[in-house]
Amino acid sequence: MTNPTVMTIDDSAAILTIIAAYLEDSEFNVVASERDGRRAVQRFQEIRPDIVLLDLIMPGQSGMETLSQILALDPDSCVVMVSSLGTEEAVHECLSTGATSFLQKPFSRDAFIAFLRGLDRGIKA
Amino acid sequence: MSSMFFGQFLLEKGVINRDALLDAIERQRRANHSLTEVAVTEGLIDRGKADQINSLFRLSNQSIEVICAAEGGLSLNQIEQLRKKQRLGWLRIGTALVAGGHVTERQVEGLLEIYRAREAAERRTLEEDFDHLDDPIVARACTELTLSHLQRVTEIPIKLRSIERADGRLRDGWRRFAQDILGDHAFCIAIDLPMDLFSLVASKMLGVEVSPTSDAALDAGCELVNLIGGNTCTRLEPSGFRLRPEPPFSSGGLVSARPIRPSVRATAQAAEQELELNLFMKK
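Chains as they are written, first to last, in the working numbering: chain A, 431 to 555; chain B, 109 to 391.
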């Protein structure tokens, strides 16, 4: 069985670095990291990762627009919105648009990996 | 009004000089050990695991105890025993000053009493200062989250010194990281850091030493204010606010080009360094 592949999309290079460090010794393979929503959609089309971690608040093309475009390409894709904004309104908007889940920052490595494992089990079930 | 640590209070009173304070801090640094260091000394974890736990602690919102249990495999009983051992050997600043021959025990006892009374009075004044602001709920939420996130990242005790109306200016040589918050209220959160403190924040967030002028460091500063801004919106939602953060930015770009406007400024102390939070309210 192959390891689940992960694509991270965040305008913050710091967050991309932290997530890569969190997943370094785990079973999850970070196969792409993008800082721009438009480029991320193109990259998604090429590599079709198992899980997409997508920042909500991004300059230029927003996380919500990026989410819609990814879902238009593949309605079954697993997209997790990641944000420091965890208001009920934001969570509801993301989930009703089609995001699989929502993860509020900051989070520990332990909780993050446990979250991804739960998600992966759900995908494979 | 201002609030300060006991060592700074003694310095201000002229009881000790700067060299004496630095000597006492160094004595504390040598004598006081973190929870993970105590765990290494007790043979419960190795150095590599301790570094890993410390690194995760800086990046997460969980307590060091929770991370020690999850990552270090320590039981709650073991952690409690480690905390007891840590407290037993803990050197306070007053004791460190006595050990260095800078003050007498009697002086420390007397001054500590005055310091505690003054601190209690200043805490009350700080609360009143918040209440006199136009948006005390917003100012309290932003200030508390700024201090708690900075303390978590830097592992330095951070103390609020004052909250007041100000001119919103960024101090020379400092870095500003800001984020506009929009919605039924509109304001801008700006975290102002001196270069040394900013350098520490960036290095701790990224887990590696970085130059404060590097893009990676600026990005880490932006992520810090992004955490504070997003969490502020979340914190204020139960109070009826409907807020949404915009992408963060740093000084040297958009901030310096903006007109300087009146702000609500919270000044805090992180060890020897000051930092500021400026809130620009948009009517």
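Virtual Cβ for every residue (Gly too), placed ideally from N, Cα, C.
In the structure shown, P346 (chain B) adopts helical secondary structure according to DSSP, grouped into three states.
Comparing alpha-carbon positions, the option among B:V372, B:I245, B:F388, B:A228 lying closest to I289 (chain B) turns out to be B:F388. The beta-carbon of R539 (chain A) is placed less than 9 angstroms from the nearest beta-carbon of chain B. If you ignore the 5 residues before and after S514 (chain A), its C-beta comes within less than 6 angstroms of the C-beta of K535, all in its own chain and listed in chain order. CA-CA distance, E519 (chain A) to P346 (chain B), rounds to 11 angstroms. In the DSSP assignment, M313 (chain B) falls within the unbroken alpha helix (DSSP H) covering 303-314. Taken atom to atom, the span from the alpha-carbon of P265 (chain B) to that of D441 (chain A) is near 30 angstroms. Chain order gives the chain A residues near G315 (chain B) as A451, where near means a beta carbon separation below 7 angstroms.
For R350 (chain B), the chain A residues whose C-beta falls within less than 7 angstroms of its own C-beta are E519, listed in chain order. About 5 angstroms separates the CB atoms of T340 (chain B) and A249 (chain B); that is less than 8 angstroms, so the two are in contact.
In summary, P353 (chain B) is buried, with 16 or more beta-carbon neighbours lying within 10 Å of its beta-carbon over all protein chains present. For A286 (chain B), the enclosing beta strand (DSSP E) starts and ends at 283-291. Counting along the chain, no beta strand (DSSP E) covers S183 (chain B), and no H or E run does either. Classified as buried, T254 (chain B) has 16 or more neighbouring CB atoms from the shown chains inside 10 Å of its CB. Residue pairing by DSSP places V372 (chain B) opposite B:R273, B:L387 in a beta bridge. Between M511 (chain A) and G493 (chain A), the beta carbon gap of about 6 angstroms places them in contact (Cβ cut-off 8 angstroms). The Cβ-Cβ distance between E173 (chain B) and L143 (chain B) falls below 9 angstroms. The beta carbons of I553 (chain A) and S456 (chain A) sit about 16 angstroms from each other, so the pair does not count as a contact at 8 angstroms.
Uninterrupted alpha helix (DSSP H) stretches at least 4 residues long and entirely within the region 456-524 of chain A occur at 467-477, 493-503, given in chain order. For V174 (chain B), at least one C-beta of chain A is nearer than 9 angstroms to its own C-beta. Secondary structure of K157 (chain B) (DSSP, three-state): helix.
When DSSP states are grouped into helix, strand and coil, K535 (chain A) belongs to the coil group. Counting the other Cβ atoms within 10 Å of the Cβ of R214 (chain B) gives fewer than 16, which makes it exposed. Within the same chain, and ignoring the five residues on either side of R468 (chain A) in sequence, the residues whose Cβ sits closer than 6 angstroms to its Cβ are Q491.
Linking A328 (chain B) to A204 (chain B) through their CA atoms gives a straight-line distance of about 35 angstroms. Nearest neighbour of L484 (chain A) by Cα position, chosen from A:F545, A:C524, A:S498, A:T438, turns out to be A:T438. When Cβ-Cβ separations below 9 angstroms define contact, G516 (chain A) makes contact with chain B. Boundaries for V211 (chain B): no beta strand (DSSP E) harbours it, and the DSSP string shows neither H nor E there. Annotation: I161 (chain B) to A541 (chain A) spans about 14 angstroms, alpha carbon to alpha carbon.
Between T527 (chain A) and E331 (chain B), the alpha-carbon positions lie close to 25 angstroms from each other.
By alpha-carbon distance to F349 (chain B), the top candidate from B:R226, B:G338, B:L385 is B:G338. Restricting attention to B:L351, B:L199, B:L308, the CA atom closest to the CA of Q287 (chain B) is found in B:L351. Taking a beta-carbon distance threshold of 9 angstroms, S513 (chain A) counts as an interface residue toward chain B. Interface annotation, D159 (chain B): not in contact with chain A, CB-CB separation never under 9 angstroms. In the DSSP assignment, P353 (chain B) falls within the beta strand (DSSP E) that extends over 351-353. When C-beta atoms of the region 128-143 of chain B are compared with those of the region 232-241 of chain B, fewer than three pairs fall below 8 angstroms, so the two segments do not count as touching.
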